[in-house]
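According to my numbering, the sequence shown is numbered sequentially starting from 1.
Please read the structure below before turning to the comments.
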Amino acid sequence: MIRPLLKTLLFCTLAVASIVQAADDRLTLTGSSTVAPLALEIAKRYEKQHPGVRIDVQMGGSSRGINDVRMGLADIGMVSRALKPTEQDLTAFLIAMDGIGIILHKSNAVGKLNDDQIIDIYTGKIRNWKQVGGADLPITVVNKAEGRSTLELFLHHFALKNSQIKAQVVIGDNQQGIKTVSGNPGAIGYVSIGTAEYEEQRGTPIKLLSMAGQPATVAAVASGGYPLSRQLNLVVNGQPTGLARNFIQFAQSAVVRNLIEAQFFVAP
């Protein structure tokens with residue numbers, strides 16, 4: 001009777017050890033679609049330097065990152081904004097800075113818009129590009145979905161409520177926004193400057209508009225002069241430990257600076 005019991009206890013001990021070992025070797029990140037491509041590249045480099053470690057990066061928006069970390073569904077949340085006063089139970093670690101830029105189709109003759117014109121376009125008071133010096137073409141307003149930090153920053157900057165926005169298209173991540181605007185000569189949207197600059201260099205037919213006299217460029221974000229900029233953070237519940245702590249330290253180190261710059265973000 002004792003020997004079978006010892007075998008059972010040994011099996012249970014080994015099983016628990018296996019689970020602990022698996023937890024030590026695996027990391028899950030969820031959240032911001034702006035941070036995700038950068039986090040994925042950092043994760044690949046970390047895995048290469050630490051054989052056996054596996055890091056899963058999933059998108060879904062900053063709100064998902066916050067919620068998943070709080071519920072224990074993710075080890076680290078990716079959040080493309082500063083934490084709110086109601087989120088002080090969490091700890092944020094800055095890995096880069098980014099800006100949000102207004103994008104039009106490359107063929108659009110409009111070269112600039114002031115804040116009042118952007119507000120009027122997004123609230124439906126201006127419906128045709130000819131009203132702001134462009135062609136006689138209906139405006140397609142592209143807005144971000146709820147839960148996206150890009151939306152929150154846009155609304156805060158222009159002192160708008162989401163209920164005031166008269167959008168024809170609602171999108172999720174940056175790539176959806178760029179695909180929508182690049183495929184519609186009458187569209188206007190707003191996305192990560194880093195992502196938009198990257199797509200422009202690849203020949204995607206979009207263009208970024210300046211804001212407050214500042215060009216919508218990574219350089220302007222780095223100088224601190226661009227008005228619509230934001231933090232890109234990795235967020236944990238409490239203080240990070242183990243693999244999560246090591247990965248965050250790696251993501252904040254000089255060894256990933258070239259990855260940050262390759263994504264057209266600004267290293268802190």
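For every residue, glycine included, the Cβ atom is placed at its ideal position computed from N, Cα and C.
| task | Spell out the partners DSSP gives residue 145 in its beta bridges. | result | DSSP output for residue 145 lists no bridge partner at all.
| request: Name the two residues that bound the continuous beta strand (DSSP E) containing residue 250. | output: No beta strand (DSSP E) contains residue 250, which is instead part of the alpha helix (DSSP H) from 242 to 251.
| said: Just to confirm my understanding: we take residue 106, look at its own chain, exclude 5 residues before and 5 after, and list those with CB closer than 7 Å. What are they? | reply: 205, 206 and 207.
| message | Distance check for residue 68 and residue 112, CA to CA, integer angstroms please. | response | 39 Å
| said: For residue 211, count the other beta carbons within 10 Å of its own beta carbon; 16 or more makes it buried, fewer makes it exposed. Which is it? | reply: Taking all protein chains shown into account, residue 211 has 16 or more neighbouring C-beta atoms within 10 Å of its C-beta and is therefore buried.
| Cβ pair count under 8 Å reaching 3, the segment 155 to 163 against the segment 69 to 78 | no
| field | Option nearest residue 233 by Cα separation, candidates 257, 109, 33 and 80 | value | Comparing Cα-Cα distances from residue 233 to each of 257, 109, 33 and 80, the minimum goes to 80.
| request: Ignoring anything shorter than 3 residues or poking outside the segment 39 to 70, list the beta strand (DSSP E) runs there in chain order. | output: 54 to 59
| task | Take residue 214 and list the residues in its own chain whose beta-carbon comes closer than 8 Å to its own, dropping the five residues that flank it on each side. | result | 220, 225, 226 and 227
| task | Tell me whether the beta-carbon of residue 139 lies closer than 8 Å to the beta-carbon of residue 129. | result | Yes, the Cβ-Cβ distance between residue 139 and residue 129 is below 8 Å.
| Beta-bridge partners of residue 190, as assigned by DSSP | 102
| request: Report the residue from 186, 191 and 200 whose alpha carbon sits nearest the alpha carbon of residue 34. | output: 191
| field | For residue 31: DSSP bridge partner residues | value | 59 and 78
| query | residue 139 by DSSP, collapsed to three states: which one? | reply | Residue 139 sits in coil when the DSSP states are folded into three classes, being neither helix nor strand.
| message | Here's a check: name, in chain order, each residue in its chain whose Cβ is nearer than 8 Å to the Cβ of residue 265, leaving out the five neighbours to either side. | response | 38, 96, 97, 98, 194, 218 and 232
| query | From which residue to which residue does the beta strand (DSSP E) around residue 170 run? | reply | 169 to 171
| task | Note the first and the last residue of the continuous beta strand (DSSP E) segment covering residue 259. | result | Where residue 259 is concerned, there is no enclosing beta strand (DSSP E), although the alpha helix (DSSP H) around it starts and stops at 257 to 262.
| Considering only the beta carbon of each residue, do residue 181 and residue 189 sit closer than 8 Å? | Cβ atoms of residue 181 and residue 189: closer than 8 Å.
| Can you tell me whether residue 54 is buried or exposed, with buried defined as 16 or more other CB within 10 angstroms of its CB? | Exposed is the call here.
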